[in-house]
Amino acid sequence: MTDRSIVVVGAGIVGASLAYHLAGNGRPVTVIDAGLPGSGVTQASFAWIGRTVGSDRPSAPLRCLALDDYRRLETELPGLAIRWTGSLTWDGFDDEPGPTTTEVAAVEPHLLDPPPAAIHRPEDAAFDPVAATELLIAAARDRGARVLAGTPAVALEQRAGTVVGVRTTAGELPAETVVLAAGTGSVALGAGVGITLPVEPSPAVLVRLRATPGLVRGIVASPALEVRQLDDGTVLAPTTYGGEIDQAALLATARRVRDRFAAAFAGAGDAEIVSAEIGWRPMPVDDEPIVGPPPGVGGLYVALTHSAITLAAALGRLAAAEILTGRPAPELAGCRPDRFAVTS
Ligand SMILES: Cc1cc2nc3c(=O)[nH]c(=O)nc-3n(C[C@H](O)[C@H](O)[C@H](O)COP(=O)(O)OP(=O)(O)OC[C@H]3O[C@@H](n4cnc5c(N)ncnc54)[C@H](O)[C@@H]3O)c2cc1C
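Counting along the sequence shown from 1, when you hit position 20 you're at 181 in this note's numbering, and nothing is skipped either side.
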């Protein structure tokens with residue numbers, strides 16, 4: 162027998178948002194993580210919060226809520242420290258038509274070679290993804306959730322086709338509902354109960370540079386360079402990664418990013434490399450979120466997506482409401498696991 166416990170596996174931005182939205186609603190909530198909250202791919206994220214999306218994508222109704230849900234969340238959690246800096250994109254970086262400005266130099270005055278026009282989304286934002294995850298976890302705890310860091314899930318416990326708990330290195334956690342929010346770690350846990358989650362671990366690198374503060378005002382993105390800058394001068398620049406996973410290749414990637422930054426912004430010539438970190442993004446094969454109960458097994462709910470920083474606030478609220486009430490959220494209809502043949 163279980164009580165009505167909910168166990169969330171994974172305390173990245175997705176699991177943290179779920180735990181926050183689930184907690185304090187009458188069901189015991191436990192969130193576990195193999196490491197510390199935010200120590201998965203979340204810690205290597207560029208953490209751009211934007212709702213850019215083709216309106217024909219199945220997840221468009223969810224993505225449309227992304228920014229509004231962060232506005233809500235920051236009123237609930239004022240410490241969230243979202244930086245509403247806006248974004249500037251050009252050269253086809255952005256597939257979706259957007260509000261175009263020809264005043265690029267006014268938006269980003271330090272660009273050396275501003276394009277004649279760019280898409281300007283003043284509503285876009287970013288934050289410190291680890292600080293945000295920790296805040297959500299702390300708020301979930303304040304609402305009564307139990308948080309177990311350093312507690313890897315070894316397997317899901319299943320009885321008669323229903324998941325009834327999580328086996329961890331510290332013992333079993335019985336649950337009426339297990340939420341798999343373990344990023345790339347979800348695939349192996351799902352496979353243990355016969356669920357095939359078509360998610361590839363996709364590497365990307367976050368390069369950190371030290372530069373003169375005030376060179377980049379908002380989020381700037383072209384196919385050559387994505388960049389934003391913190392108040393202390395730290396520059397964050399993500400890049401996709403297809404090469405060998407070794408230190409030499411990482412350093413070469415960081416140098417390329419540094420050189421592109423130096424060529425793009427006046428005053429950036431002395432930028433120094435601080436670090437280059439690989440993150441393994443949980444990338445559904447069709448690039449759309451996988452959210453909901455997978456068919457073929459009871460007691461399980463899956464929340465997996467790329468662009469999870471952008472989506473976490475809305476996804477956490479909607480998924481938590483589904484889990485608590487049993488009523489499907491129409492905004493998640495395009496994200497269901499049953500679009501794949503998930504049982505094996
Ligand atoms: C360079 C880079 C730039 C990015 N830029 C953006 C961006 O600008 N905007 C955006 O929206 N997204 C961006 N992303 C993607 C975004 O970071 C991810 O989609 C998001 O962090 C995924 O969060 P998550 O909670 O699903 O996964 P994770 O952060 O990986 O969290 C999963 C957690 O589960 C835990 N776990 C795994 N297995 C187990 C287990 N067996 N037992 C217990 N715990 C387990 C892990 O320790 C981890 O803490 C970027 C990613 C990278 C690498």
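C-beta: ideal position from N, C-alpha, C; glycine also.
Because the structure is a prediction, the values reported are computed rather than measured.
Inset, instruction - Below 8 Å on the Cβ atoms is my guess for residue 524 versus residue 376; work out the distance and round it to an integer in Å. - result: As displayed, the chain neither begins before 162 nor continues past 505, which places residue 524 out of reach and without an answer.
Legend entry - heavy atom of ligand 1 below 6 Å from residue 359 C-beta: Position 198 of the sequence shown, counted from the start, is the residue given in the question as residue 359. No, the beta carbon of residue 359 sits no closer than 6 Å to any heavy atom of ligand 1.
Legend entry - Rounded separation between residue 341 and residue 347 - CA only: On the sequence shown, residue 341 is found 180 positions in, with the first residue counted as 1. On the sequence shown, residue 347 is found 186 positions in, with the first residue counted as 1. Their backbone Cα atoms lie some 6 Å apart in a straight line.
Legend entry - Whole-number beta carbon distance between residue 226 and residue 475, since they are thought to touch under 8 Å: What you label residue 475 is simply residue 314 of the sequence shown in a count that begins at 1. What you label residue 226 is simply residue 65 of the sequence shown in a count that begins at 1. Going by Cβ atoms, the distance from residue 475 to residue 226 rounds to 4 Å, so yes, they are a contact pair.
Legend entry - According to DSSP, residues forming a beta bridge with residue 260: Along the sequence shown, read from residue 1 onward, the residue named residue 260 stands at position 99. BP columns for residue 260 are empty, so no partner.
Inset, instruction - Decide if residue 456 is buried, meaning its Cβ has at least 16 other Cβ atoms within 10 Å, or exposed. - result: By one-based count along the sequence shown, residue 456 stands at place 295. Exposed, because fewer than 16 other Cβ atoms sit within 10 Å of the Cβ of residue 456.
Legend entry - Exposed unless 16 or more other CB atoms sit within 10 angstroms - verdict on residue 199: Position 38 of the sequence shown, counting from 1, holds the residue named residue 199. Label assigned to residue 199: buried.
Inset, instruction - Would you give the residue range spanned by the beta strand (DSSP E) that residue 283 belongs to? - result: Position 122 of the sequence shown, counted from the first residue, corresponds to residue 283. Counting along the chain, residue 283 falls outside any beta strand (DSSP E), and DSSP gives it neither H nor E.
Inset, instruction - Examine the Cβ distances between the segment 183-198 and the segment 288-298 and report whether three or more of them are shorter than 8 Å. - result: Output reads yes: the segment 288-298 touches the segment 183-198.
Inset, instruction - Using only alpha-carbon positions, find the residue among 303, 301, 251, 429 that is nearest to residue 280. - result: For the purposes of this step, residue 280 is identified with residue 119 of the sequence shown, where counting begins at 1. Selected option, being the one with the closest Cα: 251.
Inset, instruction - Drop a sphere of 10 angstroms on the beta-carbon of residue 293, count the other beta-carbons inside from all chains shown, and report buried for 16 or more, exposed for fewer. - result: The sequence position of residue 293 within the sequence shown is 132, counting from 1. Buried: at least 16 other Cβ atoms inside 10 Å.
Legend entry - Bounding residues of the alpha helix (DSSP H) (the contiguous stretch that carries residue 199): Residue 199 sits at position 38 when you count from the first residue of the sequence shown. From DSSP, residue 199 is part of no alpha helix (DSSP H); its letter is neither H nor E.
Inset, instruction - Take residue 389 as the anchor and find which of 419, 260, 313 has the nearest alpha-carbon. - result: Position 228 of the sequence shown holds residue 389. Closest by alpha carbon: 419.
Inset, instruction - Output the distance between the C-alpha atoms of residue 387 and residue 332, rounded to the nearest integer angstrom. - result: Within the sequence shown, numbered from 1, the residue matching residue 387 stands at position 226. Within the sequence shown, numbered from 1, the residue matching residue 332 stands at position 171. Using only the alpha carbons, I get a separation of about 44 Å.
Inset, instruction - Please classify residue 462: does DSSP put it in a helix, a strand, or coil? - result: In the sequence shown, residue 462 corresponds to position 301, counting from 1. Residue 462: strand per DSSP, three-state reduction.
Legend entry - Alpha carbon of residue 224 to alpha carbon of residue 284, nearest angstrom: Against the sequence shown, residue 224 aligns to sequence position 63. Against the sequence shown, residue 284 aligns to sequence position 123. If you draw a straight line from the Cα of residue 224 to the Cα of residue 284, it is about 14 Å long.
Inset, instruction - Thinking residue 443 and residue 344 are a contact (beta carbons under 8 Å), I'd like their distance in whole angstroms, please. - result: Numbered from 1 along the sequence shown, position 282 holds the residue referred to as residue 443. Numbered from 1 along the sequence shown, position 183 holds the residue referred to as residue 344. That pair is a contact at about 5 Å.
Legend entry - Per-residue DSSP class, three states only, for residue 406: Within the sequence shown, the letter at position 245 stands for residue 406. Residue state, collapsed to three classes: coil.
Legend entry - Simplified DSSP assignment, three categories, for residue 504: By one-based count along the sequence shown, residue 504 stands at place 343. A caution first: residue 504 carries a pLDDT of 45, below 50, which makes its placement in the model too unreliable to give a value.
Inset, instruction - Helix, strand or coil for residue 422, going by three-state DSSP, please let me know. - result: Here residue 422 is taken as the residue at index 261 of the sequence shown, counted from 1. Of the three classes helix, strand and coil, the one that applies to residue 422 here is helix, per DSSP.
Legend entry - Validate contact between the segment 481-498 and the segment 228-238 using beta carbons, cut 8 Å, 3 pairs: Of all C-beta pairs linking the segment 481-498 to the segment 228-238, fewer than three are shorter than 8 Å, placing the two stretches out of contact.
Inset, instruction - For residue 248, verify whether its CB is less than 6 Å away from any heavy atom of ligand 1. - result: Here the question's residue 248 lines up with position 87 in the sequence shown. In terms of side-chain proximity, the C-beta atom of residue 248 is found no nearer than 6 Å to any non-hydrogen atom of ligand 1.
Inset, instruction - Measure the Cβ-Cβ separation of residue 183 and residue 167 and say whether it is below 7 Å. - result: Here residue 183 corresponds to residue number 22 of the sequence shown, with the count starting at 1. Here residue 167 corresponds to residue number 6 of the sequence shown, with the count starting at 1. Yes, the pair counts as a contact, with Cβ atoms nearer than the cut-off.
Legend entry - Cβ shell of residue 305 (< 6 Å), same chain only, five flanking positions each side left out: What you label residue 305 is simply residue 144 of the sequence shown in a count that begins at 1. Taken in chain order, the residues that qualify are 184, 185.
Legend entry - Residues bridged to residue 366 (per DSSP): By 1-based counting over the sequence shown, the position of residue 366 is 205. Looking at the DSSP output, residue 366 sits in a beta bridge with 400, 439.
Inset, instruction - State yes or no: is the C-beta of residue 343 nearer than 6 Å to some heavy atom of ligand 1? - result: For the purposes of this step, residue 343 is taken as the residue at position 182 of the sequence shown. Residue 343 Cβ: within cutoff of ligand 1.
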